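This report concerns only the one structure given below.
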Amino acid sequence: MMSVRGVSCLLLLWLGMLTAADAQTVSGQISGRVVDPQAAVVAGATVRLTSDLTQQVREFITDSSGGFIFASLVPGNYSVRVENPGFRAYDQTGIHVSAQERVDLHD
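Take the sequence shown: its position 98, counting from 1, is numbered 97 in numbering that gives the first Met the number 0, and each next residue is one higher.
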């Protein structure tokens with residue numbers, strides 16, 4: 000029979016392995032900030048992210064600081080379209096995301 004100390008050690012080892020496995024992510028993210036030509040933030044703009052491979056579309060409405068974020072993205076190539084009434088639509092294509100990469104579009 001295993002002692003309490005032995006069980007505790009095994010439990011700690013198991014928890015450590017779970018934490019390490021959880022830290023190894025295979026997804027990436029795209030984020031950015033929408034601004035107008037005078038560099039003022041554009042809150043409430045619609046940002047559409049399209050996977051070039053699957054054509055799956057995800058949508059985000061910019062927050063009060065004009066920010067948006069698409070997390071948990073499968074590595075690959077993406078396109079972004081930003082639309083807001085009163086502004087010309089903006090398109091950016093060929094955005095590559097690798098595993099564990101954070102791509103910032105507002106730089």
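We put the beta carbon where it would ideally sit given N, CA and C, even for glycine.
All values derive from a computational prediction rather than experimental measurement.
Q) Apart from the five residues just before and just after Arg101, which ones in its own chain have a Cβ nearer than 6 angstroms to its Cβ? A) To locate residue 101, count along the sequence shown from 1; it is residue 102. So the list reads Gln28, once near-sequence residues are dropped.
**Q.** Opening and closing residue of the beta strand (DSSP E) in which Thr49 lies
**A.** Taking the first residue of the sequence shown as position 1, residue 49 is located at position 50. Here the beta strand (DSSP E) through Thr49 covers Thr45 to Ser50.
Q) With 16 as the cutoff for other CB atoms within 10 Å, does Thr53 come out buried or exposed? A) Position 54 of the sequence shown, counted from the start, is the residue given in the question as residue 53. Exposed, since its Cβ has fewer than 16 Cβ neighbours within 10 Å.
Q: Look up Gln28 in the DSSP assignment and say whether it is helix, strand or coil.
A: Sequence index remark: in the sequence shown, residue 28 carries index 29 (1-based). If DSSP states are grouped into helix, strand and coil, Gln28 belongs with the strands.
Q | Rounded Cβ spacing between Tyr94 and Val79 (contact assumed at less than 8 angstroms) | A | The count along the sequence shown starts at 1 and reaches residue 94 at position 95. The count along the sequence shown starts at 1 and reaches residue 79 at position 80. A quick correction: the sequence has Ile, not Tyr, at residue 94. So it is a contact: roughly 6 angstroms between Cβ atoms.
**Q.** Buried/exposed call for Tyr77, threshold 16 Cβ in 10 Å
**A.** For this step, residue 77 is matched to residue 78 along the sequence shown. Buried.
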